[in-house]
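Student: Protein chains in written order, with this note's numbering: chain A, 1 to 237; chain B, 1001 to 1430. Ideal Cβ placement from N, Cα and C applies to all residues, glycine included.
Shown next, in the form of structure tokens:
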């Protein structure tokens, strides 16, 4: 195992609801090594979404530190977090979240367009990289289709290509199979597993044990804390 | 994101809902079109005022007697403005180098069997030059762009000399229609006509003239004119010396106010006007310059313009509110899109610019279309306003600028609202 991609120290998120405080996440200490494939499981309300948002730099912790590739990113400004998301994190959502008016290729290229250091990188290079990402998910032939012309599984593959295109340090998948039938879901998990084997670091949030079974390491959450952990040595299929 | 890519994104946003964008631009189109049309009306009014007073050159001071009502009759309030007043003015007033004098009258004109009651104009030797320089009349079919000369005004013969005016020579210069009426096709030069009971020799015939501006309602019909030296008219047609109208030409246009003071001092001395008890002069004459007339009239026209433009701007503001409304709806509808863009790395500025540019595109598009509609509507505005509407060139950048500013001003709040969205909330939005 290589250096830790994710390292959290006493990561805590507290919401104030009226008079009372709700501890959505309390003192989570989590380390994920580079090249790991991790499932985060738990019932709804267990805090797994909160943890995902913090790890995805969509939110800031109330307490504690979050180191992404060794850099403390917990207290960055809104725009700094946007840049971290752009460069270091690839999101895969349950409902795909493709932009409906853009073609598959344009959706995949979008994160590259938002890259600040992309000045000097030409349109051609962006196209090329987006095409490579589409190749990795096996959908080059669908490059010029709109999302509405694609099946659910194809849409999720496009979304995965979009997450891959910037070569991020971490792929965060939030219930990636939640909107798919079980066969397509298995297909998508197979794709994620393949990407893991190529060396990607992937964290999947799910409540589905069958999905979790694809991963190497399963974290169980309850009441805002990680309460259990299970490691496979191989992949069940 | 590069500005170009944000622009493309905004363009896509606008074009993805064409009907809505088109309806939103309508407010701006109407606003800009009415600003253009209203300013054209104001400009037309100003141009009409200007051309109406073009006969009074910028270097001229018009001198007229102060009039008063006496038993329901308009008479000079004090002394008349006499021929002598005018004659001596160039020598006595340093800033005045020439004085045109004019007096009107009517007489029976006879030649052979033709006899007409006609208006007679008594003028000085430079009258024709003054008419030519006003540029209101030109010979029929005068080529455009060629400067008018006094020679072009004369079809035959010549005009009076200063000496002839001084010695009250019994000579006349007649308009083309007057010549035709009296002489048929014959050559009038050297012929003698009867003015009442006195002889008068024709020394010149004017070319056939037309007004330079077809829409011009103010015309002095030169074709029916009968010019004689002012001194001759006074001697022949008046028992009692009449007031003459005087137009003083100033040597230096920039010192016209100084010239006015000199003329006033000169006339006060000649008319023996002293300060009254209150220490003020009660003059029996009026001095008018183009600046005086235009100043007042143009101020009125300017106010008129501003009022119309202000009214038109109201529709622009309404259009702006329309843009704001649509952008707010659009931001709400596209909350999820905004969340996705934020998740993959869009900065606050990226999102702000995207929506600001959408608003700007709608308003700029509306502005351009409104410009076309506005310019096309000027003839219509002119038809409703006695031909007085003229595109005000400044109104084009003004209206476009205001439209764009409206879009940006009213688009800013929705854009900032979009950029301030919490990405987590935005991603959850259904």
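Quick check on residue 231/A: buried or exposed, where buried means 16 or more other Cβ atoms within 10 Å of its Cβ?
Tutor: Taking the first residue of the first chain as position 1, residue 231/A is located at position 231. When all chains shown are included, residue 231/A counts as exposed.
Student: Would you mind listing the alpha helix (DSSP H) stretches within the stretch 1007–1061 of chain B that are 4+ residues and don't spill past its ends, in chain order?
Tutor: Counting only runs of 4 or more, we get 1018–1052.
Student: Answer yes or no: does any C-beta atom of chain B fall closer than 8 angstroms to that of residue 91/A?
Tutor: Taking the first chain and counting its residues from 1, one reaches residue 91/A at position 91. Interface residue, yes.
Student: Is the beta carbon of residue 1080/B closer than 8 angstroms to that of residue 1287/B?
Tutor: Indexing the second chain from 1 puts residue 1287/B at position 287. Indexing the second chain from 1 puts residue 1080/B at position 80. No, these two residues do not count as a Cβ contact at 8 angstroms.
Student: Would a check of beta-carbon distances place residue 1337/B closer than 8 angstroms to chain A?
Tutor: As a first step, residue 1337/B is located in the second chain; it is residue number 337 there, counting from the start. So yes, residue 1337/B belongs to the interface.
Student: Spell out the partners DSSP gives residue 23/A in its beta bridges.
Tutor: Taking the first chain and counting its residues from 1, one reaches residue 23/A at position 23. 14/A.
Student: May I have the straight-line CA-CA distance separating residue 1017/B from residue 1319/B, to the nearest angstrom?
Tutor: For the purposes of this step, residue 1017/B is taken as residue 17 along the second chain, with counting starting at 1. For the purposes of this step, residue 1319/B is taken as residue 319 along the second chain, with counting starting at 1. Computed Cα separation, rounded: 18 angstroms.
Student: Would you kindly work out how many angstroms separate the C-alpha atoms of residue 1386/B and residue 1048/B, rounded to a whole number?
Tutor: Position 386 of the second chain, counted from the start, is the residue given in the question as residue 1386/B. Position 48 of the second chain, counted from the start, is the residue given in the question as residue 1048/B. Their backbone Cα atoms lie some 10 angstroms apart in a straight line.
Student: Is any beta-carbon of chain B found at less than 8 angstroms from that of residue 66/A?
Tutor: Counting from one through the first chain, the residue named residue 66/A turns up at place 66. Not an interface residue.
Student: Is the shortest distance between the beta-carbon of residue 1010/B and the beta-carbons of chain A less than 8 angstroms?
Tutor: Counting from 1 along the second chain, the entry for residue 1010/B is found at position 10. Cβ-Cβ to chain A under 8 angstroms: no for residue 1010/B.
Student: Between the alpha carbons of residue 236/A and residue 1350/B, how many angstroms are there, rounded?
Tutor: One-based indexing of the first chain puts residue 236/A at position 236. One-based indexing of the second chain puts residue 1350/B at position 350. Summary for residue 236/A: the model assigns pLDDT 41, below 50, so the residue's position carries little reliability, and this model does not support an answer.
Student: Leaving out the 5 sequence neighbours to the left and right, which residues in its chain are closer than 7 angstroms to residue 1367/B when beta-carbon positions are compared?
Tutor: Within the second chain, the letter at position 367 stands for residue 1367/B. For residue 1367/B, where only same-chain residues beyond five positions count, the Cβ hits under 7 angstroms are 1028, 1032, 1399, 1400, 1403 and 1404.
Student: Is the Cβ of residue 1217/B closer than 8 angstroms to any Cβ of chain A?
Tutor: Taking the first residue of the second chain as 1, we reach residue 1217/B at position 217. Note that residue 1217/B has pLDDT 45, beneath the 50 cutoff, so the model's placement of it is unreliable and the number below is only indicative. No, residue 1217/B lies away from the interface with chain A (no Cβ there is under 8 angstroms from its Cβ).
Student: What three-state label does DSSP hand residue 222/A in the structure shown?
Tutor: Taking the first residue of the first chain as position 1, residue 222/A is located at position 222. If DSSP states are grouped into helix, strand and coil, residue 222/A belongs with the strands.
Student: Taking Cβ positions only, does residue 1014/B come closer than 8 angstroms to chain A?
Tutor: As a first step, residue 1014/B is located in the second chain; it is residue number 14 there, counting from the start. Output row for residue 1014/B: interface = no.
Student: Do three or more CB pairs link the stretch 1351–1363 of chain B to the stretch 1403–1418 of chain B at distances below 8 angstroms?
Tutor: Because the criterion of three Cβ pairs below 8 angstroms is met, the stretch 1351–1363 of chain B and the stretch 1403–1418 of chain B touch.
Student: Whole angstroms is fine: what's the gap from residue 89/A's alpha carbon to residue 123/A's?
Tutor: Taking the first residue of the first chain as position 1, residue 89/A is located at position 89. Taking the first residue of the first chain as position 1, residue 123/A is located at position 123. Roughly 22 angstroms between the two C-alpha positions.
Student: Cβ atoms of residue 1083/B and residue 1244/B: under 8 angstroms apart, would you say?
Tutor: Taking the second chain and counting its residues from 1, the one referred to as residue 1244/B is at position 244. Taking the second chain and counting its residues from 1, the one referred to as residue 1083/B is at position 83. Yes, the pair counts as a contact, with Cβ atoms nearer than the cut-off.
Student: Return the residue from the list 1006/B, 1026/B and 1003/B that minimises the CA-CA distance to residue 1369/B.
Tutor: In the second chain, the residue the question calls residue 1369/B occupies position 369. For residue 1369/B, the nearest C-alpha among the options comes from 1026/B.
Student: Between residue 1005/B and chain A, is the shortest Cβ-Cβ distance under 8 angstroms, so that the two count as touching?
Tutor: In the second chain, residue 1005/B corresponds to position 5, counting from 1. It does: the Cβ of residue 1005/B has a partner Cβ on chain A nearer than 8 angstroms.
Student: The alpha helix (DSSP H) spanning residue 1437/B covers which residue range?
Tutor: Because chain B here runs from 1001 to 1430, residue 1437/B falls outside it and cannot be looked at.
Student: Out of curiosity, what's the CA-to-CA distance linking residue 1085/B and residue 1184/B?
Tutor: What you label residue 1085/B is simply residue 85 of the second chain in a count that begins at 1. What you label residue 1184/B is simply residue 184 of the second chain in a count that begins at 1. Their Cα atoms are separated by approximately 40 angstroms.
Student: Give the single residue among 201/A, 4/A, 45/A and 23/A whose Cα lies nearest to the Cα of residue 220/A.
Tutor: Sequence index remark: in the first chain, residue 220/A carries index 220 (1-based). Per the Cα distances, 45/A.
Student: What does DSSP give as the partner residues of residue 1245/B in its beta bridges?
Tutor: By one-based count along the second chain, residue 1245/B stands at place 245. Note: residue 1245/B sits in a beta bridge opposite 1102/B.
Student: Could I get the ranges of all uninterrupted beta strand (DSSP E) runs contained in the stretch 51–86 of chain A, with 3 residues as the minimum, in chain order?
Tutor: Counting whole runs of 3 or more residues, the stretch 51–86 of chain A contains the beta strand (DSSP E) stretches 63–68.
Student: Would you list, in chain order, the members of the stretch 47–75 of chain A that have their beta-carbon closer than 9 angstroms to a beta-carbon of chain B?
Tutor: Those residues of the stretch 47–75 of chain A that come within reach of chain B (Cβ to Cβ, closer than 9 angstroms) are 49, 53, 56, 58 and 59.
Student: How would you call residue 156/A, buried or exposed, if buried means at least 16 neighbouring beta carbons within 10 angstroms?
Tutor: Your numbering for residue 156/A matches position 156 in the first chain. Buried: at least 16 other Cβ atoms inside 10 Å.
Student: Please report the distance separating the alpha-carbon of residue 1097/B from that of residue 1058/B.
Tutor: As a position in the second chain, residue 1097/B is number 97, starting the count at 1. As a position in the second chain, residue 1058/B is number 58, starting the count at 1. Between residue 1097/B and residue 1058/B, the C-alpha separation is close to 15 angstroms.
Student: Residue 1240/B: buried (16+ other C-beta within 10 angstroms of its C-beta) or exposed?
Tutor: The sequence position of residue 1240/B within the second chain is 240, counting from 1. Answer is exposed; the Cβ neighbour count stays below 16.
Student: Where residue 1218/B and residue 1391/B are concerned, what is the direct C-alpha to C-alpha distance, given to the nearest angstrom?
Tutor: Start at 1 with the first residue of the second chain, and residue 1218/B comes out as number 218. Start at 1 with the first residue of the second chain, and residue 1391/B comes out as number 391. Bear in mind that a pLDDT of 44 at residue 1218/B, under 50, signals an unreliable position, so the number given afterwards is only what the model happens to contain. Their backbone Cα atoms lie some 22 angstroms apart in a straight line.
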